[in-house]
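Residue numbers for the sequence shown follow the UniProt record's numbering, so the first one is 1 and each next one is one higher.
C-beta: ideal position from N, C-alpha, C; glycine also.
Have a look at the structure below before the remarks.
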Amino acid sequence: MKLVPKMVIVMMVLIMIILVTITTTIGGVQQERTIEISEWKLKWTSMNDLTVTAHNISLEQQEGWIVSDSNESISPDKTSEFIWYKIELPEMIWNIPSLYISEYYGKYVIVRTDSAMIYESEHMNDNIVNKIILPLERSNSNETLYIGVETNKDTIGTLILGNYSDLLSVYVKQGLIDVILGSSFIFISMVMLICSFFLRKEFLAMWVSLAIIIFSTSVLMLTYSSYMYTLFGQHEEFFIIVFDCALFILLPSLTFFFEVIFGSGYRSVLKYFCKFQVGYSVVCFILMLMNFLFINKFYVIYYFVSAQMLGYTIIIQCILLVFSSIVYIVKKNKDALILSIGFTLFAGTALFEMIQFYARSGDYNFIAWKWGVVSFIVSLIAISGRKFTDNHDQIVQYSKELELINNELQRSEKLEIISELAASVAHEVRNPLQVTRGFLQLLTERYEQEQAQMYLIMALDELDCASNIITDFLTFAKPDFDQITELNIYDELTHIESILIPLANLSDGVVSMDIPHDLSIMGNSSKFKQALINLIKNSIEAWNGRGIIRIWAYKNNSIVTVHIEDNGVGMDQEELTRLGAPYFSNKTKGTGLGLMVSFRIIEAMQGEIQYKSQKGAGTEAIITFPSSK
Numbered sequence: 001m002k003l004v005p006k007m008v009i010v011m012m013v014l015i016m017i018i019l020v021t022i023t024t025t026i027g028g029v030q031q032e033r034t035i036e037i038s039e040w041k042l043k044w045t046s047m048n049d050l051t052v053t054a055h056n057i058s059l060e061q062q063e064g065w066i067v068s069d070s071n072e073s074i075s076p077d078k079t080s081e082f083i084w085y086k087i088e089l090p091e092m093i094w095n096i097p098s099l100y101i102s103e104y105y106g107k108y109v110i111v112r113t114d115s116a117m118i119y120e121s122e123h124m125n126d127n128i129v130n131k132i133i134l135p136l137e138r139s140n141s142n143e144t145l146y147i148g149v150e151t152n153k154d155t156i157g158t159l160i161l162g163n164y165s166d167l168l169s170v171y172v173k174q175g176l177i178d179v180i181l182g183s184s185f186i187f188i189s190m191v192m193l194i195c196s197f198f199l200r201k202e203f204l205a206m207w208v209s210l211a212i213i214i215f216s217t218s219v220l221m222l223t224y225s226s227y228m229y230t231l232f233g234q235h236e237e238f239f240i241i242v243f244d245c246a247l248f249i250l251l252p253s254l255t256f257f258f259e260v261i262f263g264s265g266y267r268s269v270l271k272y273f274c275k276f277q278v279g280y281s282v283v284c285f286i287l288m289l290m291n292f293l294f295i296n297k298f299y300v301i302y303y304f305v306s307a308q309m310l311g312y313t314i315i316i317q318c319i320l321l322v323f324s325s326i327v328y329i330v331k332k333n334k335d336a337l338i339l340s341i342g343f344t345l346f347a348g349t350a351l352f353e354m355i356q357f358y359a360r361s362g363d364y365n366f367i368a369w370k371w372g373v374v375s376f377i378v379s380l381i382a383i384s385g386r387k388f389t390d391n392h393d394q395i396v397q398y399s400k401e402l403e404l405i406n407n408e409l410q411r412s413e414k415l416e417i418i419s420e421l422a423a424s425v426a427h428e429v430r431n432p433l434q435v436t437r438g439f440l441q442l443l444t445e446r447y448e449q450e451q452a453q454m455y456l457i458m459a460l461d462e463l464d465c466a467s468n469i470i471t472d473f474l475t476f477a478k479p480d481f482d483q484i485t486e487l488n489i490y491d492e493l494t495h496i497e498s499i500l501i502p503l504a505n506l507s508d509g510v511v512s513m514d515i516p517h518d519l520s521i522m523g524n525s526s527k528f529k530q531a532l533i534n535l536i537k538n539s540i541e542a543w544n545g546r547g548i549i550r551i552w553a554y555k556n557n558s559i560v561t562v563h564i565e566d567n568g569v570g571m572d573q574e575e576l577t578r579l580g581a582p583y584f585s586n587k588t589k590g591t592g593l594g595l596m597v598s599f600r601i602i603e604a605m606q607g608e609i610q611y612k613s614q615k616g617a618g619t620e621a622i623i624t625f626p627s628s629k
C-alpha cells in the first residue's frame, strides 16, 4: 500500500505521455511537402473602412503596413477593430494548392487577392478558436494574399501552404483527441449516474457530484474543441451556450465534491465559497437567458460577468483548493494524497492558463487544462481501487478480531466452568481439612517423641498448603470484594515493597520504585496487595543471578498505569499466550493458580493486564486501572 501514491504518479505521467504522443501524431504535418509562412505585413483599420477596403479600393495602394511575424503581436489603437494581413505567396508546386490557417479569433473573416474574393465567413463569438483551409489556384503563384479579421487582438496561428489532401487531413483531425476524451468521460459519467440509484445515502452526494464533475468537464472538452466548430459550424451558438452551462455547473460541483471528501476546511471556508459559487452560477444563467432572449443586447454585461469576473473566481477557487490539498498532504492521508496529486495537477494547469489568459488580455488558447482533468480523473479511479483493497483489508482484520473474540469467549466459558467447579470443591474439601488439622494439633500436644512431632508438623504444613490452594480457588471462583475503598497507589505499593524486600535480598536482588503520591483507584486493599504480591513474587523467582525489579506508575487522562519490569529469564511468545491459563506455570512446583487469581482480581477491579517479554532479557507487566479522580 505504501507504493500506491508512486504508482499513481507513474500512471498519470504515462497516460499524459501517451495522450501527448497521440495528439502530436494526429496534428502532425508532413514538413517536407508543405511551406510554413512566418512573416507578413499587417495593418489595423476601423470597421467603417471595411466595405470600402474589401471591395472598392485596392489594398496594395493602402499605406501604413507594418512588417511582423508569428512571434510578434501588435496591439491596435482604440478606433481600430479590423486587421489585415498581407502575405506574399510563393510558387504553387502542388496539384491542388491550399492554405491552412491553424487558428484565428474574430467575428468576421475575409480572404482575397487584389483581383478576387476567395473566402468570407461570420462567427458569433470572437473568443472561439477558428481555423480555415482554403483551396487556391496554381495561377495564384507569386501573388499577394490579404486576410482580414474583425477582432481586437493580433492573433493568427500558423499559416501553411501545401497540397489540399495533406492539409485536409490535418484540418479534420485537429482537436480529435478532445472529442475522444470528452466522449469517453461522458460515457463514464452516465454509467456512474446509473449506478448511483443502487448506492446508500451516505455515498450518494460524493458519487453524484463526481459524476457531474466528469460529465461537465467532458462537455467542456467537446464544446471547446475546434473539431466541433470545424465540422458543425452551423451549431456554433448552441455549442457556446452548452459550454457556458457546463462551466457554471462544474465550478460549484468541484468545490462541493472537495468539501464532501475532506470537510468544510478552516472555518467552513469551502462551504461558504461553494454557496457563493452556486449563487454566482445562478446569476450567470439568468444573464445568459436574458442575452439569448433579447438577441445579444446584454452581451457586454454577460461577457463581463461570465468570462472576465468568473475567471477571477476560478483563480481564487484553484488557489483555495490547492492550498487545502497541501494541508491534507501534510496530514499524511493516503487517499487525500492521491486525490490531492491529481487535483493539484488539474488546478495548477487551470491556474497557469487563467494567469496566461489575463496576462495576454484574453489572447490565449486554453490547451493544458485537459491534461490536468485527465490526471484528476485518474486519481479518482486510483482512489476507487484503493477502496476495494481497503474493504478487503477490513474483512481480513475483522476475521482476525472475530477469531480473537471467539478464543476469548471459549476461554471465558472454560473459566466459568472451572470457577463453578472450584467453588464447589473448595467448600466440600475445606471442612474435612479443618477438622483433620484440629485433631493433628491435639496429637502434637499428647506425643512428646521428637520424631512423631516432626511427622505431625509436616502433616500440618501440607494441610496449610492445601488450605492456601483452596483459598486461591475460592478467590479465583468468586473474586467479589466485601469492601471497596479508594486506594492510594503509593501507599499500597510501599507496603508491598516492605513485605517483599526480605525475599528479594535473599535472592540477591533489589526492588526500586518510582510512584507519584497522588495516584488513586477504587478497589479492595487486601485483594490488590494479593494480586501485585503474586506478580512481583513471580518476577523475583524468575531471576537468574543478581536481579533488579523496577516498579513505576503514572496517570494518563483517566487511566492509572503500573509497570513491573524484571531482568529475569523471560518468556517466549508461546509462553506469553498461555499466561493466566488454568494450571499453567513455569515453576516445577507451581500450580498456576497465583497468576490466575491475580488476573481475576485485576479484572474484578475493572483493570487490564498485559505482558511483554523476551527470552533471556526479562519480562514487563503493564497493569491499568480506572482512576478514582
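- Ranking R386, P97, W40, S115 by CA distance to the CA of I338 puts R386 first.
- For the 8 Å CB-CB criterion, L270 and F258 form a contact.
- Here S512 carries a strand assignment [DSSP, helix/strand/coil].
- If you look at I96, you'll find it isn't in any beta strand (DSSP E); DSSP assigns it neither H nor E.
- The count of Cβ pairs closer than 8 Å, one atom from the stretch 202-209 and one from the stretch 172-182, stays below three, leaving the stretches out of contact.
- Listed in chain order, the alpha helix (DSSP H) elements of length 4 or more contained wholly in the stretch 130-211 are 164-173, 176-195.
- Beta-bridge partners assigned by DSSP to K43: W84.
- Taking all protein chains shown into account, I489 has 16 or more neighbouring C-beta atoms within 10 Å of its C-beta and is therefore buried.
- About 4 Å separates the CB atoms of A368 and T349; that is less than 8 Å, so the two are in contact.
- Relative to the Cα of S306, the nearest Cα in the group V322, L320, V283 belongs to V283.
- Of all C-beta pairs linking the stretch 592-603 to the stretch 526-543, three or more are shorter than 8 Å, placing the two stretches in contact.
- Comparing C-alpha distances from N556 to each of V149, D572, M596, S628 shows the shortest one belongs to S628.
- E565 is positioned such that its CB atom lies closer than 8 Å to that of G618.
- For the 8 Å CB-CB criterion, F262 and Y312 do not form a contact.
- Here DSSP, grouped into helix, strand and coil, assigns G263 to coil.
- Residue state for Q614 is assigned as strand, using DSSP reduced to three classes.
- Around the Cβ of C274, a 10 Å sphere holds 16 or more other Cβ atoms; the residue is buried.
- For W65, the secondary structure class from DSSP, reduced to helix, strand or coil, is coil.
- If you draw a 10 Å sphere on the C-beta of I515, you find 16 or more other C-beta atoms in it, and that means buried.
- As a beta-bridge residue in DSSP terms, M522 pairs with E486.
- In the same chain as L136, and ignoring 5 residues on each side of it, the C-beta atoms closer than 7 Å to its own belong to M92, P97, S98, L99, in chain order.
- If you draw a straight line from the Cα of K334 to the Cα of H235, it is about 45 Å long.
- Each residue's CA atom was taken as its position, placing E497 and V511 some 8 Å apart.
- For K275, the enclosing alpha helix (DSSP H) has its first and last residue at 269-293.
- A distance below 7 Å between beta-carbons, with the five flanking residues on each side excluded, links N567 to the following residues of its chain, in chain order: G547, I548, G618.
- The residues L251, P252, T255, T313, Q317, in chain order, have a CB closer than 8 Å to that of Q277 in the same chain once the five nearest residues on each side in sequence are set aside.
- In the three-state reduction of the DSSP assignment, P626 falls in the strand class, which pools E and B.
- By DSSP's assignment, K555 forms a beta bridge with V560.
- Assignment of T34 by DSSP, reduced to helix, strand and coil, places it in the coil class.
- The beta-carbon distance between F625 and I521, rounded to whole angstroms, is 4 Å. This is short enough to meet the 8 Å contact definition.
- Across the set G570, D572, V597, M605, the C-alpha of M605 shows the shortest separation from the C-alpha of V560.
- Counting only residues of its own chain and dropping the five nearest sequence neighbours on each side, M571 has a CB closer than 7 Å to the CB of S613, K615, T619.
- In this structure, I35 lies away from Y85, with their beta-carbon atoms at least 8 Å apart.
- When secondary structure is reduced to three states using DSSP, A621 falls in the strand class.
- In this chain, the beta strand (DSSP E) harbouring M117 covers 117-122.
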